[in-house]
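Peer 1: In the numbering used here, the protein residues as written are 12 to 584. Could you have a look at this structure, given as structure tokens, before my questions?
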Amino acid sequence: MIIKKTAHSRFITILLFLLSSAFIFNASAQDGPPRGGNGGEGNGGQRNGGQGDGGAGNGGQGNRGAGNGGQRALIVDLENAQENLQVLITNLNIEPATTDGLNLPTINDEKAQLGKQLFFSKNLGGEQSAACVSCHHPMLGGGDNLSLPIGVAAVNSLEQSAHDLLGVGRFNGLDFLNLPTVPRNSPSIFNLGLNTRRLFWDGRVEARRNGAISTPDSAVNDDGRFAPDDNLPEGTTLAAAQARFPVTSTSEMRGDFFESSDNQTLRAELAERFTDEDSDFPSDWPSAFNEAYGDSSVTFDRIADSIGEYERSMVFIDSPWNDYLAGDENALTDEQKVGAILFFSPRREGGAGCANCHSGANFSGFGHQLTAYPQFGPGKGNDSGTTTSNDFGRENVSNNTEDRYHFRAPSLLNVAMTAPYGHTGAYQTLNEVVAHYSNPRQAIDRLFGVEDEQAFATGTAPFCELEQIVALMEKNNQECADLYPNAYANSIAAVTHLEQARNGDVEARFPLRGNRNLSDEQISHVVDFLHALTDPCLEDRDCMAPWIVDEDDVASFPDDSALIAEDENSGAL
Numbered sequence: 012m013i014i015k016k017t018a019h020s021r022f023i024t025i026l027l028f029l030l031s032s033a034f035i036f037n038a039s040a041q042d043g044p045p046r047g048g049n050g051g052e053g054n055g056g057q058r059n060g061g062q063g064d065g066g067a068g069n070g071g072q073g074n075r076g077a078g079n080g081g082q083r084a085l086i087v088d089l090e091n092a093q094e095n096l097q098v099l100i101t102n103l104n105i106e107p108a109t110t111d112g113l114n115l116p117t118i119n120d121e122k123a124q125l126g127k128q129l130f131f132s133k134n135l136g137g138e139q140s141a142a143c144v145s146c147h148h149p150m151l152g153g154g155d156n157l158s159l160p161i162g163v164a165a166v167n168s169l170e171q172s173a174h175d176l177l178g179v180g181r182f183n184g185l186d187f188l189n190l191p192t193v194p195r196n197s198p199s200i201f202n203l204g205l206n207t208r209r210l211f212w213d214g215r216v217e218a219r220r221n222g223a224i225s226t227p228d229s230a231v232n233d234d235g236r237f238a239p240d241d242n243l244p245e246g247t248t249l250a251a252a253q254a255r256f257p258v259t260s261t262s263e264m265r266g267d268f269f270e271s272s273d274n275q276t277l278r279a280e281l282a283e284r285f286t287d288e289d290s291d292f293p294s295d296w297p298s299a300f301n302e303a304y305g306d307s308s309v310t311f312d313r314i315a316d317s318i319g320e321y322e323r324s325m326v327f328i329d330s331p332w333n334d335y336l337a338g339d340e341n342a343l344t345d346e347q348k349v350g351a352i353l354f355f356s357p358r359r360e361g362g363a364g365c366a367n368c369h370s371g372a373n374f375s376g377f378g379h380q381l382t383a384y385p386q387f388g389p390g391k392g393n394d395s396g397t398t399t400s401n402d403f404g405r406e407n408v409s410n411n412t413e414d415r416y417h418f419r420a421p422s423l424l425n426v427a428m429t430a431p432y433g434h435t436g437a438y439q440t441l442n443e444v445v446a447h448y449s450n451p452r453q454a455i456d457r458l459f460g461v462e463d464e465q466a467f468a469t470g471t472a473p474f475c476e477l478e479q480i481v482a483l484m485e486k487n488n489q490e491c492a493d494l495y496p497n498a499y500a501n502s503i504a505a506v507t508h509l510e511q512a513r514n515g516d517v518e519a520r521f522p523l524r525g526n527r528n529l530s531d532e533q534i535s536h537v538v539d540f541l542h543a544l545t546d547p548c549l550e551d552r553d554c555m556a557p558w559i560v561d562e563d564d565v566a567s568f569p570d571d572s573a574l575i576a577e578d579e580n581s582g583a584l
């Protein structure tokens, strides 16, 4: 696959031929690649087993790529990017992101306003040391800017209690070496209302075809499938269903509070803090609930509903890409247009094939794929043969080995603002992410500085440059390799499983098909395009102010439990 300048007429002829004769997938039609075995790539391309030795290289190898068993090259001319991208958009019927039909609230809606205050309330944390915003702040990409979250009992670098400190410099005060105990990266809450299918990395909160929602509280049917959660009130949104669970996690928000109680009992106890009937928790919350719901009754169902409405109000889709689709030819650079062509073009025609999983206007079908992202951290207790600090992802929900190492494909809207990436936040840059799809094993070897199958042998492993890893090393004077000694083995276990799935040696529902062989220049162009998916509001503190509780809101907050976020330098977020 080569990005190469050539005569305009020749390029247009070739591209039109590719588009008219070869593009057989619709960017919005498919949840993930076709299932298992040694069959096609998902776009009807190369087979799993027979990859050739020839690489597409970085240029100068002609018009057809020899790599990946004869994969065709996509010739992209920067000078004609506008014209050719328009052809691609027309052929694939690519449409802009929209909220049509979703009935989403605005941040000014009364329930969303109540939800915002609750989202910033530490009284929803069992030990009052964490709030929802601890892991999902609007100025941290809707996440926390950490690879792995720090929930309850946060401290700073001096071991001082620091519940309001968010992002880098926030440490786990319960662990001797301050290692995070939350096993997965905090997903962004931006545009959560556009997702009507599954939430959490493993999709454990899931909308069913009949409109019901299954959750971790659901009973399991005789066929092994989760039944609808009968605790959910009628009309519960997917966002509200998800909001019921962080408070139940001991490492995220609960701590040891009512540790032996079931989830429903815990939620009821937390809701009592907002009734103004407990002398330990005086507040004006009943008045706030009255404004939102028409009476002052406080229940956890209403707490979750209003938090869900706050999250669903966070719609940020006014990106350069949407402007371009609306007719502004100058909204994208030529490099971004080339990146878009690569992004949407199938692999068998020399493209990156990204749209196969990141499909539609939201850039995700919200399905689960086996892509072998790096594994580190406490994991989910899964045994990969040598350690129980692994994470089998979707399999933990479905109890089906075909879902092993499958994780939900996130939306790519605003992805440039949501680093670090992956379910463990192991990649700091989008270049690393795109390169991973070119060759997962090679990318993981690079991440962990591997030489002769020995991790951390080079002394310059990118893993050791992750901001959270650097902070941990500096705080406790630790070597990078000692922080997570099983990280490389766990990551290679995931890669090996992917390779076995490609070869048909194990069953896997949606494995990543074949290596991409993208050049550095092509990776750069794809990343350029991903930056065009950012809503500029996210980079403007004034624009984001309606979604943030800060010092100016303390006087009007219903109690004294507001989390007023600050960074490691005591600056306001």
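Backbone N, C-alpha and C define an ideal beta-carbon position, used for all residues, glycine too.
1. Smallest Cα separation from E340: which of E532, E94 and N232?
2. Find the nearest neighbour of D120 within the set L243, L96, T101 and A299, judged by alpha-carbon distance.
3. Whole angstroms is fine: what's the gap from F256's alpha carbon to A454's?
4. Sort E562, D240 and L529 by Cα distance to G364 and report the nearest one.
5. Rounded to a whole number of angstroms, what is the C-alpha to C-alpha distance between G53 and G515?
6. Starting from the Cα of T226, find the closest Cα among D234, A238, N232 and R220 and give me that residue.
7. List in chain order: all unbroken alpha helix (DSSP H) runs of 4+ residues lying wholly within the segment 332 to 364.
8. When the distance is taken between beta carbons, is L159 closer than 8 angstroms to G388?
9. Quick check: the segment 550 to 562 against the segment 337 to 351, are at least 3 beta-carbon pairs closer than 8 angstroms?
10. From this set, N189, T382, K348 and F327, which residue's C-alpha is nearest Y335's C-alpha?
11. Would you give the residue range spanned by the alpha helix (DSSP H) that F311 belongs to?
12. Do T429 and S199 have their C-beta atoms within less than 8 angstroms of each other?
13. Excluding the 5 residues preceding and the 5 following L210 in the sequence, name in chain order all residues of the same chain whose CB lies nearer than 7 angstroms to its CB.
14. Quick one: give me the first and last residue of the beta strand (DSSP E) that Q380 is part of.
15. Let's test the definition: count the other Cβ atoms within 10 Å of the Cβ of R220 and tell me whether it reaches 16, buried, or not, exposed.
16. Have a look at P385, E245, G184 and I100 and flag the residue whose alpha-carbon is nearest the alpha-carbon of N497.
17. Does the structure place the segment 182 to 199 close enough to the segment 418 to 433 that three or more beta carbon pairs sit under 8 angstroms?
18. Among L477, G137, H508 and E478, which residue has its Cα nearest to the Cα of H417?
19. Can you round the beta-carbon distance between Y538 and L441 to whole angstroms, since I take them to be within the 8 angstroms contact cut?
20. State the Cα-Cα distance for the pair F568 and Q128, rounded to the nearest angstrom.
21. Let's see if you can read the secondary structure: which residues bound the alpha helix (DSSP H) around R552?
22. Considering Cα atoms alone, identify which of A505, N425, H147 and E485 is closest to G390.
23. DSSP state of P227, grouped into three classes?
24. For a test of the three-state rule: what should DSSP assign to V560, helix, strand or coil?
25. Would you call the segment 517 to 524 and the segment 405 to 420 touching, i.e. three or more CB-CB distances under 8 angstroms?
26. Check each candidate in I118, L103 and N156 and name the one with the smallest Cα separation from M555.
27. Provide the residue span of the alpha helix (DSSP H) that contains F130, from first to last.
28. Take A472 as the anchor and find which of A583, A437, N487 and N274 has the nearest alpha-carbon.
29. In chain order, what residues of the same chain lie with their CB nearer than 8 angstroms to the CB of G470, ignoring the 5 residues before and after it?
30. Comparing C-alpha positions only, which one of I534, E280 and W558 sits nearest to N4?
31. Can you check which of these residues, F374, D316, E476 and V179, is closest to T545 by C-alpha distance?
32. What are the start and end residues of the alpha helix (DSSP H) that includes A252?
33. Here's a check: name, in chain order, each residue in its chain whose Cβ is nearer than 6 angstroms to the Cβ of V266, leaving out the five neighbours to either side.
34. Can you grab the Cα-Cα spacing for the pair N526 / R181, in whole Å?
35. Leaving out the 5 sequence neighbours to the left and right, which residues in its chain are closer than 6 angstroms to A315 when beta-carbon positions are compared?
36. Can you list, in chain order, the residues of its chain with a C-beta nearer than 6 angstroms to that of S229? Leave out the 5 residues immediately preceding and following it.
Peer 2: Judging by the given coordinates:
1. E94
2. A299
3. 34 angstroms
4. L529
5. Because G53 sits at a pLDDT of 36, beneath the cut-off of 50, its placement in the model cannot be relied upon, and the following sentence gives the value as read from the coordinates. Near 15 angstroms, if we compare the C-alpha coordinates of G515 and G53.
6. A238
7. 345 to 355
8. yes
9. no
10. K348
11. F311 to R323
12. yes
13. V216, L249 and Q253
14. H379 to L381
15. exposed
16. P385
17. yes
18. H508
19. Before going further, note that residue 538 is Val rather than Tyr in the sequence given. The Cβ separation is near 5 angstroms, so the contact holds.
20. 7 angstroms
21. R552 to M555
22. A505
23. coil
24. coil
25. yes
26. I118
27. E121 to F130
28. A437
29. G460
30. With the chain represented from 12 up to 584, any question about residue 4 goes unanswered, as that position is not in the structure.
31. F374
32. L249 to Q253
33. In the sequence as presented, Val is not what sits at residue 266; that position holds Gly. Same-chain partners within the cutoff: G137, E138 and V163.
34. 37 angstroms
35. A251, A254 and R255
36. F237, A238 and D240
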